[in-house]
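First up is the structure itself, then whatever we jot down about it.
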Ligand code: ATP
Ligand code: MG
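Residue numbers (the working numbering): 75 to 527.
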């Protein structure tokens, strides 16, 4: 190949020329080369060089010692950050996490040999403009195959995260995992419990942001990884649900994941965990049908536990748990405007779109029989939109009177009564938004107080 695999930023060319002047090598490696060959752009440029980290720091004005112990320095140039690693050959792996010792190599081929998959071990020489592909990564890209470099079982034994990464790349690229590599995943399951939650979550996040998470999730199930990573989901496998459903609980969950938008991580996460309460709430009705009473509440609790274990950011966890609590939506076109407002007050303005989106994904996953319900959901969306536009009060903060005014006017000090009154006032205003003015609300409050014992 005579040309670089993708248009490269000028800053990258300047970095390469600095290395060249110092008589050092500079290779583009990893995802950028792989994605470039696939015709996809990349924002993330990883470099490899024979210059030791201290020299990299000396050669460039702005650097960050990102992982100096492992030979990684980030070079800052314009708006770009280039993660630059000195050629490495890894020492023995004993804990399945990180190599015990890092020693530097002088040739790029040694550095490529310690990488995970053939498609990730192609290097582009930024100085001499040539591609170096000793493991036929290009062939595997063409065939759409994820193949471990060298002996797959040994590579997964060295670092258990590679098993999860294999499934992640299969989802992101819509590739197949080569047979031996696939078998080796199951053989190295004992390496999963030792992995840090942060590393696992980084991979899960990428799976959930890919077009079809189902590819990775099916591989998780097939290889046994699911039981190691999220055993609560593995328990959903084989639980039948009949009725409108044609899949078991896990099959349904996976389909909902695909149907939810790939650009909305909390929604994708909620889709993944929305029915995780079903195994625990499973029972059979007198008519002989499976039921899952309160699986939303139970599921939200289990999801909370899972997300804490995975050490996901707090804001994401809280949002996902709330979406799961709210996922049982029973809209029908007979809902009055008051019911719409009550629904919106319950979910909250920030959640209402995602509650509907999750329900839509849920319906899409069930299939064709629910087309009429989907039309109803569109109607609900329109009604919610209109209500939002009308800027009607939906929370206590939207009320035309606040706690302080109420205490002053009613000549009472604060206490639990105030919360009860504000709740009641909101209820009143949800029924009739025209009541949201100070005077009628105060009159209502006085009457409310006189009725309290
Ligand atoms: P992405 O597009 O997600 O950034 P990537 O291939 O660049 O994909 P990174 O996690 O950024 O993935 O890693 C960069 C490169 O480092 C990989 O392409 C691979 O060559 C190597 N690599 C990363 N993690 C491992 C690992 N656990 N074992 C071996 N090599 C790895
Ligand atoms: Mg990368």
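Ideal placement from N, C-alpha and C gives every residue a C-beta, glycine not left out. If you're wondering where the values come from, they're calculated on a predicted model, not measured in any experiment.
How many whole angstroms separate the CB atoms of residue 341 and residue 431, which I take to be in contact at a CB cut-off of 8 Å? At roughly 6 Å, the Cβ-Cβ gap stays under 8 Å, so residue 341 and residue 431 are in contact.
How big is the Cα-Cα spacing for residue 207 and residue 217? Straight across, the Cα-Cα distance linking residue 207 with residue 217 is about 15 Å.
Cβ neighbour criterion (16 or more within 10 Å) applied to residue 428: Residue 428 is buried by the Cβ-count criterion.
Start-to-end residues for the alpha helix (DSSP H) that takes in residue 93: Residue 93 -> alpha helix (DSSP H) spans 84 to 95.
Based on Cα-Cα distance, which residue from 184, 187, 507 and 338 lies nearest to residue 425? When only C-alpha atoms are compared, the closest one is 338.
Per DSSP, residue 157 is paired with what? Residue 157 has 120 and 148 as its beta-bridge partners, per DSSP.
Can you tell me which of 315, 253 and 247 puts its alpha carbon nearest to the alpha carbon of residue 284? Answer by Cα proximity: 247.
Other residues of its chain near residue 324: CB distance less than 6 Å, five sequence neighbours each side excluded: Result list for residue 324: 310 and 311, in chain order.
Restricting to runs no shorter than 3 residues, where is the beta strand (DSSP E) found entirely within the segment 189 to 242? As far as the segment 189 to 242 is concerned, its whole beta strand (DSSP E) runs of at least 3 residues are 197 to 199 and 204 to 206.
Please confirm whether any heavy atom of the ligand MG lies closer than 7 Å to the CB of residue 218. False, no ligand heavy atom lies under 7 Å from that Cβ.
In chain order, what residues have a CB nearer than 6 Å to some heavy atom of the ligand SAH? Because the ligand SAH does not appear in the structure shown, any question about it cannot be addressed here, the ligands present being the ligand ATP and the ligand MG.
Any idea if residue 441 is buried or exposed, counting beta-carbon neighbours within 10 angstroms, 16 or more meaning buried? With fewer than 16 other Cβ atoms within 10 Å, it is exposed.
Mind checking residue 404: buried by the 16 CB within 10 Å criterion, or exposed? Residue 404 should be labelled exposed.
Considering only C-alpha positions, which residue in the set 197, 353 and 493 is nearest to residue 70? Outside the displayed range of the chain (75 to 527) lies residue 70, so it cannot be described from this structure.
Pick helix, strand or coil for residue 366, following the three-state DSSP scheme. In this structure, residue 366 counts as strand in the three-state DSSP scheme.
Using CA coordinates, which residue listed in 149, 160, 124 and 450 is at the minimum distance from residue 88? Nearest option by C-alpha distance: 149.
Per DSSP, the bridge partner or partners of residue 138: Beta-bridge annotation (DSSP): residue 138 is paired with 148.
Would you mind giving the Cβ-Cβ distance between residue 128 and residue 146, rounded to the nearest angstrom? I have them listed as a contact below 8 Å. Contact annotation, residue 128 with residue 146: C-beta distance approximately 13 Å; criterion of less than 8 Å not satisfied.
Residue 268 to residue 308 span [Cα, whole Å]: Computed Cα separation, rounded: 19 Å.
Would residue 138 pass as an interface residue toward chain C - the criterion being a Cβ-Cβ separation below 8 Å? Of the protein chains in this structure there is only one, and it is not chain C.
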